[in-house]
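Heads up: the sequence shown is residues -19 to -1, 1 to 879, going by mature numbering (1 follows the signal peptide of the UniProt record, and there is no 0).
Even glycine gets a Cβ: it sits at the ideal position worked out from N, Cα and C.
Scroll down for the structure; my scribbles are underneath it.
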Amino acid sequence: MLPLSQTVFCFASMMLAYAAIQNTFSSESSWTVEVSKHWDVLGPFPMQAREQQFISPSFPLNLSEPIDFAKTWPSSYADGGRVTWSSVNFEDLGDLEISFPDIRWESLRATEGWAALQHHAVLRSTLTVHPPINPSKSTPVPHLLVQLLQGSYFTILPKNGRREPRWYSGNIYAMERSLPQEVPLPTLPSNDSATHYDIFISGDYEIRLFGDPHTQDREIPVQSISLSVKFDDAFGSVVREATQDIVCDFVDNFAFGDAIGLGLRSVDGWWTVTNVSTGASSGLTLTLIRPTRIAEGQTRIVPIRITQTRPFSQAFIDLKITLTSGASETIVTIESLPVKQLSGWTESVYSPIKGTYFYARSMPTIFLALPPRYAGPPKPPILALHGAGVDVVDQSFWADALPRNSHSWFVIPTGRSPWGLDWHGPSTKDAWASLDALVTILAANTVWLPWKLDLNTPAIVLGHSNGGQGAWYIASRYPDRVLGVIPAAAYIKSQSYVPLTLSRSARFIDPILLSVLETSLTPDNNDLFLTNLVDTPVLAIHGGNDENVPVWHSREAVGILETWNPAANVTYREDPGEGHWYSTVFNNTQVAAFIDDLIASYPSTTAPSSKFTLSVSVPAESGSLHGWRIVALSIPGRLGRLRVERASDLAVRIHTSNLQRFSVDTTVYNISTIYVDNSKVHISKDKAGTIHFEAVEQKVWKTSNHSEIQLSGRMQAILSSDGPIVLVIPDDTETYPQELSVARRIAHDLGLYHRLDTEIIRSSEAFDPDFLSQGNIVAIGNEASASFMQNKRVPFEAKGSQILPCYAPQQPLDGPEIGLLFLHSHPMTADGNMVMLQSTDAAGLERVARLFPIRTGIPVPDWLIVGPLADTQGAGGVMGAGVWGSDWSWNEPMSWTS
């Protein structure tokens, strides 16, 4: 195999490029792999959604011990209270259907509902590696490419010897365009005979993923899992991953966006993309946004800005990419990058337009736009949020379901991916950024100016299912940016969708610790923030016979709104007999009239009620209401509320709950006299615009110049990054290979679940501004964390077999398999943050790496220490957890230690 520095690749098309990694080894000089059709299955065990992040994926097994296939295990689901192994043969690994027909599921759900259907199982089979027929000592063993769909985790272990599992996440949502995990074999296989390994899968049934079996005319829940295992047969050191490409549509020969992304994977070595170019005759100019380093085993989407000097009518773009690795340099030629050419829209003819922009400065991102029928003065756009699992890029369903408006654009964001983060965190940022991108795109082309939008124009927000929940979320967190909201088939919050009543962790956990952990779910609980929508026009819609999201969710949300304000501008439409989705959910005269009335009334706004309440959990993830904004909480982790009462034309009384700082924009809400918690606060006559207030002691206030937004609140904040998330590992990857493995797995998961870009760097580069000046940081392992602990006040430090408190008032923790992760301030930017992952040993690092917040509903606050008891007791094995106070200080009321 030639090194990349001696090879020039020429790919004829995206499909050909992708085929390069799809073919299996079949020649005499190649390694081959097969997975047995025989599987052993253990289960079912009660487990709530997301508990597998705390509990060992192999629960109840300890994989360091020999497996006794005759042993029974306690399970409250089974008659007699115990389960044992069963065996099953599958002809097709793409169809592993796991069920437990001996369990009386109907009896369980009669009292526990959907919560009783959620369960965990362990699957085990044999993976066999065959050497080449004519091997040589120099024949390398390539890595495996493993694609697990709708399973939560997998690991591959040697049959004998040390068994220390490294768990790789599966694509549990079965999202499109996903890449397999690159997995090294745990031990080298034999060069002259077959070598056998164990492969384990954690199978977890979740209602949101697999649905109610009743809708499929069966009583028994079935886990439908797909597995693909093959050797990586990619040629060269860097290969194209064309399924990851991002390309905008061209409308009347002009690019609808300025971002292009090219997927590249490094098979061998660390490479940096340093330049990109295309033919000058095309009228296109391509510019690399920033040098893009690709670590070995990593896939990145190379960000390229596209500009035009004249129309481009071709169906393909040809370009060249320059890569370097040390002193080596190569040029990769990519021919025929497909471009979709669209005709301009008219009053009667249009197509959904795929636009692109750079999320977080450098991540090429797609959104869809539906043009209005008529040009004219800018009207408020409509932000349309898709449901869970709906791929708006390759599926036309969602765009086709939206009735075209006469005067307003529909903006359809991806939310980062078909599932995203349930429209929270980076999904919310993507929604607003997609709208801003459309504003920029229309302003950049004189032909499109008649259809332009004004920057920061309030939007109408609608959504269905998970998107309906997202509509409630975005509207109630950013009420001043929302003109009206239409949530359809929406659930209130995840804990109400499928109750957590059968949580295993709850059987072992201190209730105070449980409450601290659940503060990380509070920011997503829409019911607590409906106070913010009492002055926003709402049309809530639900099918009366919804089999997916029970109709009581919308009824309850409307009732909560009317509790806060009986005169709230909320309308509820229930369509009797209709299920979760039906063609007229949005396509009806009531929805059309609601939207048209909002558009016709703009720019007039609804006058604030004489009394209203702003509720906030994480100030950095919340906007203003009638110009009022909560900037910082007294005790982060608890809910903060600001009640505003108009006493007279210009006098206002404010009542606060758990607030440290708040502000008011006097251009939006005019005041001259203000009483805060019954004390008059002097406002200088020359004060105008935004006025900030700060508590000098409890319930005693003054005006202030302190405007910094409080960032802490939960670990998930690390995902809301203003640039690629930087993963820091030790310099010596030979000595610390596990840290590199964890970095690769986190990078893969962030790309899969959120289309978030990551940069893997070494600790010696820790303070290079080229790497750290933009995105959030994750320091992996004790050695990498040490780079950031010099001259920096951190709460904990792992040394040897101990977790030592540096300023946290708790005793040292000593023992094996303890992991620590904590959120902290960014070392270079005030509006960023970082996470440190530390441990007392390798098993502890694996444990804490699984708690990195990839999916929604993982209850991890600002800091957490977890020990080996978590393998069997879930969150009951947490040894300490808490939320930071103001300015990253110790927060005694919101901290728990064992």
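- Scanning its chain for C-beta atoms nearer than 7 Å, with the 5 sequence neighbours on each side dropped, one finds around residue 291 the residues 264, in chain order.
- Relative to residue 561, the option among 348, 591, 192 whose CA is nearest is 192.
- For residue 854, the three-state secondary structure derived from DSSP is helix.
- Assignment of residue 523 by DSSP, reduced to helix, strand and coil, places it in the strand class.
- Per DSSP, the continuous alpha helix (DSSP H) segment holding residue 534 begins and ends at 533 to 545.
- The shortest C-alpha to C-alpha distance from residue 281 to any of 260, 235, 247 is the one to 247.
- Residue 241 and residue 699 have their C-alpha atoms spaced approximately 25 Å apart.
- Closest in C-alpha terms to residue 408, from the list 353, 645, 347, comes 347.
- The Cβ atoms of residue 419 and residue 434 sit closer than 9 Å to each other.
- Closest by C-alpha distance to residue 72, out of 111, 64, 16, is 16.
- Around the CB of residue 29, 16 or more other CB atoms lie within 10 Å, so the residue is classed as buried.
- For residue 54, the enclosing beta strand (DSSP E) covers residues 53 to 55.
- Its chain contains 161, 209 as the residues whose beta carbon lies nearer than 6 Å to that of residue 128, once the 5 sequence neighbours on both sides are disregarded; these appear in chain order.
- Under the three-state reduction of DSSP, residue 828 is assigned to helix.
- Counting along the chain, the unbroken beta strand (DSSP E) around residue 179 starts and ends at 176 to 186.
- Distance from the CA atom of residue 680 to the CA atom of residue 663, rounded to whole angstroms, is 15 Å.
- One Cα belongs to residue 751, the other to residue 271, and the distance between them is close to 9 Å.
- Counting C-beta pairs with one atom in each stretch, the stretch 197 to 206 and the stretch 83 to 98 have three or more that are closer than 8 Å, which means they touch.
- Distance from the CA atom of residue 342 to the CA atom of residue 158, rounded to whole angstroms, is 23 Å.
- In the structure shown, the three-state DSSP call for residue 581 is helix.
- Rounded to whole angstroms, residue 137 and residue 865 show a C-alpha spacing of 38 Å.
- For residue 654 against residue 624, the beta-carbon gap comes to about 17 Å, at or over 8 Å, which does not count as contact.
- 538 is the residue among 514, 516, 511, 538 whose C-alpha sits nearest the C-alpha of residue 523.
- Classified as exposed, residue 667 has fewer than 16 neighbouring CB atoms from the shown chains inside 10 Å of its CB.
- As computed with DSSP, residue 111 is found in a beta bridge with 13.
- Secondary structure of residue 208 (DSSP, three-state): strand.
- With respect to residue 479, residue 96 sits close: the two C-beta atoms are nearer than 9 Å.
- Look at the beta carbons and you see the stretch 829 to 837 not touching the stretch 449 to 463: under three pairs across the two are nearer than 8 Å.
- Note on the stretch 64 to 130: whole alpha helix (DSSP H) runs with a minimum of 4 residues are 86 to 93, in chain order.
- Among the bridge pairs identified by DSSP, residue 310 is matched with 305.
- Between the stretch 860 to 876 and the stretch 492 to 501 there are three or more C-beta pairs closer than 8 Å, enough to call the two in contact.
- Assignment of residue 410 by DSSP, reduced to helix, strand and coil, places it in the helix class.
- Taking 9 Å as the cut-off, the beta carbon of residue 320 is found no closer than this to the beta carbon of residue 301.
- In this structure, residue 717 places its C-beta atom within 9 Å of the C-beta atom of residue 764.
- By the Cβ-count criterion, residue 526 is exposed, with fewer than 16 other Cβ atoms from all chains shown falling within 10 Å of its own Cβ.
- For residue 863, the uninterrupted beta strand (DSSP E) run begins and ends at 859 to 863, by DSSP.
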